[in-house]
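Q: Protein chains in written order, with the numbering used here: chain A, 1 to 279; chain B, 1001 to 1467. Beta carbons: idealized from backbone N, C-alpha and C, even for Gly. Starting off with a structure, shown below.
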Ligand SMILES: Cc1cc2nc3c(=O)[nH]c(=O)nc-3n(C[C@H](O)[C@H](O)[C@H](O)COP(=O)(O)OP(=O)(O)OC[C@H]3O[C@@H](n4cnc5c(N)ncnc54)[C@H](O)[C@@H]3O)c2cc1C
Ligand SMILES: Cc1cc2nc3c(=O)[nH]c(=O)nc-3n(C[C@H](O)[C@H](O)[C@H](O)COP(=O)(O)OP(=O)(O)OC[C@H]3O[C@@H](n4cnc5c(N)ncnc54)[C@H](O)[C@@H]3O)c2cc1C
Ligand code: SF4
Ligand code: SF4
Ligand code: FES
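Written out as structure tokens, the structure reads:
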């Protein structure tokens, strides 16, 4: 069991967990993730290591409640424990001096971006962060990203914070205001990453995305996480999660995320129904 | 002369009923049958059967005790060579290992060694397992990577010799293929669990959720005081066909399908959280044990039609004969001399068919089997809404990638001495599927056993040099 030592609610649908996992805290690098299982009957889901504290032996993960497992996890608190945590998985993000890097985060993506932005900053890059959400209350870890970014652009759909509009619009402005951008990194919902990829491809800016397909083991043994990159089938859990955005077959990835939709919906409804009965 | 005893047949669950449940298919001998079967063994002075067993089970000895009704001594004799007899008795390909070498095959059917082994092991499980004597602690520490049959066997042998043994397992459950691959109707969970508990009872510590190469490296093991390392990481990486349409929704590797069902209990969704998507007409590509298991699981989960698509003829089918027969009895169809060329999908990205080509058998290839050659213009479409690819696996590269001193072959297998299991890196041994490529439970156990003996000798020598 992996004890949860601290939790905090970040936005109405996302929660931060500090989990005791000394060996993972010791080894994790920016861009890597863990697979967790909430309890004996749980499924394995991938979550990004948003931060780590090797001294205390903890890792920080941020969960956005969308389906049964992420909700079940969101119902846990300090003093509870996760059944399984394994990692750090995936290849670390390639950290080097690129020049100016624009980091685009949507949803839990900004938290997943944080360690990457920090490492890129430490490697001497200029960091421009672009964060977006539907409204101010859904913005995640903007303060922490502000610590490491040279510039932060915030957008909300309703204009409750920053400028009104979509992340994509803000990104477009940054890319076309005359400065030289050497790399774009985007993490978030697939729809957002695909939109980012379209823009940067048309502008010829190198772009890395951190893909989030459905995974089972996270160690390369099931092939469930495969995506087509260029002409090749890649297993995201071992060959990624970072890939060249312009080579990803986005339609295929979007389709593959829907494989279990009816079952996921039923499981969530059942869970919520049971939760309200016991409440 | 006493009347000649026939080879005792194995009672099985009715094929209609069993195609609907995950209970074990083979029910096991009764005491009476077991004793009768044991009496068929003529107790050869030079038992050829034993030569066929990779772990050298003292077959005549344990069979004799069984024949005489002395089960405590029978299990003791069995376990002196085999740490996991309840598993081997169920899944060993006995027909090509010990039984094929039984002297009785000259005139008739061999002694049913595997079934007897299963009987004796099951008897012990029901009547209480005794922990054997363990040698005094040697002070040496050995790390085992992977908890499949190779790792468990090496761990058990080394623990019995007095070494401190820690097993590192990537998944949340130990057992390797025994836990995630072979379905419960062939190898019930409580059997595997009991065998793993036995290995633990010898003092072996099993740490799950440790991926060597990620969580922990081989070099760190030596720095942390381990004196030797055994790699039993298996061959768990799925191979795909490389045909167009293979990433469509509804195409799965057999590994993904079986992991969801066996390891994650998806067959009990939504009680368990992991979902499964099952088609009405499932096509399974390949015809090894893995393909048979995937087909039989699909059937049990309610697929209306299950078809095995195999590019050679029935004679070349690599699965155990018994598995093939059971599959057929359960209504699984065979589409032989057929090779997929493309997976067809609809506008939503879901599988609707498998385009195939008919094959003819040509000249024998390197494996000695006749090579299938496509028959021009023979393409046809098999209607299917789910394709399971079971055409082989290769070793996971995580350990070699993180351990530069370890040499691997062109196929990604770890290079190790066939006799001792020693690798190209001092202090590191390897065995099982990680070295041979996908093989069998008993060959992995044999490799674990030989490596344990070699590690033991190395540690003793090290101790004398040090002293
Ligand atoms: C490498 C990686 C890192 C990730 N990091 C984080 C993280 O730090 N924080 C976080 O909250 N989430 C993260 N995710 C996504 C997270 O794994 C999924 O949200 C989770 O698996 C959903 O499980 P569930 O049972 O709650 O929902 P489900 O019921 O399984 O899914 C509900 C709906 O969400 C969609 N969905 C399912 N799986 C995913 C997925 N992997 N990605 C996106 N959408 C999905 C499906 O379309 C589905 O219909 C990451 C995914 C990957 C692959
Ligand atoms: C579906 C199926 C059915 C089969 N049926 C039969 C049968 O009927 N009879 C038979 O004899 N054989 C059968 N086999 C083959 C047999 O199961 C294997 O040959 C055998 O399990 C190999 O044993 P192993 O110990 O080498 O590896 P495995 O059983 O594969 O175990 C390897 C273990 O190492 C772990 N591991 C891998 N990498 C790492 C790492 N980096 N760090 C930590 N742990 C790691 C894995 O998670 C796994 O638990 C079958 C195989 C399959 C897949
Ligand atoms: S372990 Fe397998 S090969 Fe050896 S005697 Fe038993 S059944 Fe035969
Ligand atoms: S070869 Fe056959 S008859 Fe002879 S000892 Fe072995 S099992 Fe018995
Ligand atoms: S999650 Fe199974 S191979 Fe990537």
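First and last residue of the alpha helix (DSSP H) that includes residue 1151 of chain B?
A: If you number the second chain from 1, residue 1151 of chain B lands on position 151. It spans 1149–1160 - the alpha helix (DSSP H) in which residue 1151 of chain B sits, taken as one unbroken run.
Q: If you compare alpha carbons, which of B:1296, B:1098 and B:1219 is closest to residue 1017 of chain B?
A: Working through the second chain from its first residue, we reach residue 1017 of chain B at position 17. When only C-alpha atoms are compared, the closest one is B:1296.
Q: Taking all protein chains shown into account, decide if residue 1054 of chain B is buried (16 or more other Cβ within 10 angstroms of its Cβ) or exposed.
A: Residue numbering aside, residue 1054 of chain B sits at position 54 when the second chain is read from its first letter. Buried is the call here.
Q: Going along the chain, which residues of its own chain have a beta-carbon closer than 7 angstroms to the beta-carbon of residue 1215 of chain B, five neighbours each way excluded?
A: Counting from 1 along the second chain, the entry for residue 1215 of chain B is found at position 215. Within the same chain, residue 1215 of chain B has no close Cβ partners at all.
Q: Looking at ligand 1, does it come within less than 7 angstroms of residue 90 of chain A, judged from the CB to the closest heavy atom?
A: In the first chain, residue 90 of chain A corresponds to position 90, counting from 1. Because some heavy atom of ligand 1 lies under 7 angstroms away, the Cβ of residue 90 of chain A counts as near it: yes.
Q: Which runs of the alpha helix (DSSP H), 4 residues or longer, sit entirely within the region 4–83 of chain A?
A: With a minimum length of 4 residues, the continuous alpha helix (DSSP H) runs that stay inside the region 4–83 of chain A are 22–27 and 68–74.
Q: Would residue 1368 of chain B be called buried (16 or more neighbouring beta carbons within 10 Å of its own) or exposed?
A: Position 368 of the second chain, counted from the start, is the residue given in the question as residue 1368 of chain B. When all chains shown are included, residue 1368 of chain B counts as exposed.
Q: What does DSSP give as the partner residue(s) for residue 234 of chain A in the beta ladder?
A: In the first chain, residue 234 of chain A corresponds to position 234, counting from 1. Its beta-bridge partners are A:227.
Q: I'd like to confirm something about residue 1113 of chain B: is its beta-carbon nearer than 7 angstroms to some heavy atom of ligand 3, or not?
A: Here the question's residue 1113 of chain B lines up with position 113 in the second chain. Under cutoff, so the answer is yes.
Q: Report the CB separation of residue 1277 of chain B from residue 1245 of chain B in whole angstroms; it is logged as a contact under 8 angstroms.
A: By one-based count along the second chain, residue 1277 of chain B stands at place 277. By one-based count along the second chain, residue 1245 of chain B stands at place 245. That belief does not hold up - the Cβ atoms of residue 1277 of chain B and residue 1245 of chain B are roughly 17 angstroms apart, past 8 angstroms.
Q: Residues of chain B with CB closer than 7 angstroms to the CB of residue 270 of chain A, please, in chain order.
A: On the first chain, position 270 is the one that residue 270 of chain A refers to. Per Cβ cutoff of 7 angstroms: 1270.
Q: Counting only the same chain and skipping the five closest in sequence on each side, list residues whose C-beta sits under 7 angstroms from that of residue 80 of chain A.
A: Within the first chain, the letter at position 80 stands for residue 80 of chain A. Cβ within range, chain order: 4.
Q: For residue 1259 of chain B, which residues from the same chain have a beta carbon less than 7 angstroms from its beta carbon, with the 5 sequence-adjacent residues on both sides left out?
A: If you number the second chain from 1, residue 1259 of chain B lands on position 259. Counting only Cβ-Cβ distances below 7 angstroms, and skipping sequence neighbours, we find 1180.
Q: What beta strand (DSSP E) runs, 3 residues minimum, are completely inside the region 1252–1286 of chain B?
A: Runs found: 1281–1285.
Q: Considering only the alpha carbon of each residue, which of B:1120, B:1382 and B:1041 lies closest to residue 1352 of chain B?
A: Within the second chain, numbered from 1, the residue matching residue 1352 of chain B stands at position 352. Per the Cα distances, B:1382.
Q: In three-state DSSP terms, what is residue 1134 of chain B?
A: Taking the second chain and counting its residues from 1, one reaches residue 1134 of chain B at position 134. Correct three-state label for residue 1134 of chain B: coil.
Q: Quick one: complete alpha helix (DSSP H) runs, 4+ long, within the region 103–132 of chain A?
A: Whole alpha helix (DSSP H) segments, 4+ residues: 109–122.
Q: Mind checking residue 1380 of chain B: buried by the 16 CB within 10 Å criterion, or exposed?
A: In the second chain, residue 1380 of chain B corresponds to position 380, counting from 1. The residue in question, residue 1380 of chain B, is exposed, as its Cβ has fewer than 16 Cβ neighbours within 10 Å.
Q: Beta carbons nearer than 8 angstroms to chain B: which residues of the region 205–231 of chain A have them?
A: The residues in question are 216, 217, 219, 220, 221, 222, 223, 224, 226, 227 and 228.
Q: What is the rounded straight-line gap between the Cα of residue 15 of chain A and the Cα of residue 75 of chain A?
A: Within the first chain, the letter at position 15 stands for residue 15 of chain A. Within the first chain, the letter at position 75 stands for residue 75 of chain A. Roughly 9 angstroms separates the two Cα atoms.
Q: Since residue 48 of chain A and residue 112 of chain A are thought to touch, with beta carbons under 8 angstroms apart, how far apart are those beta carbons, to the nearest angstrom?
A: Taking the first residue of the first chain as position 1, residue 48 of chain A is located at position 48. Taking the first residue of the first chain as position 1, residue 112 of chain A is located at position 112. Confirmed, about 4 angstroms.
Q: Should residue 1373 of chain B go down as buried or exposed, given a rule of 16 or more other Cβ atoms within 10 Å for buried?
A: As a first step, residue 1373 of chain B is located in the second chain; it is residue number 373 there, counting from the start. So residue 1373 of chain B counts as exposed.
Q: Which ranges does the beta strand (DSSP E) cover as unbroken runs of at least 3 residues, wholly within the region 1369–1401 of chain B, from first to last along the chain?
A: Listed in chain order, the complete beta strand (DSSP E) runs (minimum 3 residues) inside the region 1369–1401 of chain B are 1370–1374, 1380–1383 and 1386–1389.
Q: At a CB-CB cut-off below 7 angstroms, which residues of chain A make contact with residue 1211 of chain B?
A: One-based indexing of the second chain puts residue 1211 of chain B at position 211. Within chain A, the residues near residue 1211 of chain B are 86 and 219.
Q: Closer than 8 angstroms, CB to CB, is residue 1172 of chain B near chain A or not?
A: Here residue 1172 of chain B corresponds to residue number 172 of the second chain, with the count starting at 1. Yes - at least one Cβ of chain A is within 8 angstroms of the one on residue 1172 of chain B.
Q: Got a sec: is the Cβ-Cβ distance from residue 1359 of chain B to anything in chain A below 8 angstroms?
A: Start at 1 with the first residue of the second chain, and residue 1359 of chain B comes out as number 359. No, its Cβ sits nowhere closer than 8 angstroms to a Cβ of chain A.
Q: Does the Cβ of residue 1117 of chain B lie closer than 7 angstroms to at least one heavy atom of ligand 3?
A: Here residue 1117 of chain B is taken as the residue at index 117 of the second chain, counted from 1. Result yes, Cβ under 7 angstroms from ligand 3.
Q: Between A:253, A:249, A:44 and A:7, which lies nearest to residue 58 of chain A when the distance is taken from Cα to Cα?
A: The residue labelled residue 58 of chain A in the question sits at position 58 within the first chain. The option with the nearest alpha carbon to residue 58 of chain A is A:7.
Q: Consider the C-beta atom of residue 215 of chain A and the heavy atoms of ligand 1; say whether any pair is separated by less than 7 angstroms.
A: What you label residue 215 of chain A is simply residue 215 of the first chain in a count that begins at 1. For ligand 1, at least one heavy atom lies less than 7 angstroms from the Cβ of residue 215 of chain A.
Q: Using a Cβ cut-off of 9 angstroms, which residues of the region 1275–1294 of chain B contact any Cβ in chain A, in chain order?
A: Per Cβ criterion, the list reads 1275, 1276 and 1277.
Q: Which residues in the same chain have their Cβ closer than 8 angstroms to the Cβ of residue 1116 of chain B, if we skip the five residues on either side of it in sequence?
A: Numbered from its first residue, the second chain carries residue 1116 of chain B at position 116. 1029, 1034, 1037, 1038, 1062, 1063, 1066 and 1089.
Q: Assign residue 1127 of chain B to one of three DSSP states: helix, strand, or coil.
A: Within the second chain, numbered from 1, the residue matching residue 1127 of chain B stands at position 127. Three-state DSSP puts residue 1127 of chain B in a helix.
Q: Should residue 1214 of chain B be flagged as near chain A, meaning a C-beta pair shorter than 8 angstroms?
A: Within the second chain, residue 1214 of chain B is the residue found at index 214, counting from 1. It does: the Cβ of residue 1214 of chain B has a partner Cβ on chain A nearer than 8 angstroms.
Q: Which whole-angstrom value is the C-beta distance of residue 1318 of chain B and residue 1287 of chain B, which I expect to be below 8 angstroms?
A: If you number the second chain from 1, residue 1318 of chain B lands on position 318. If you number the second chain from 1, residue 1287 of chain B lands on position 287. Right, their Cβ atoms sit about 6 angstroms apart.
Q: Would the region 230–243 of chain A and the region 168–178 of chain A be scored as touching if the rule is three or more Cβ pairs under 8 angstroms?
A: They do not touch, by the three-pair rule.
Q: Does DSSP put residue 166 of chain A in a helix, in a strand, or in coil?
A: By 1-based counting over the first chain, the position of residue 166 of chain A is 166. Reduced to three states, the DSSP call for residue 166 of chain A is coil.
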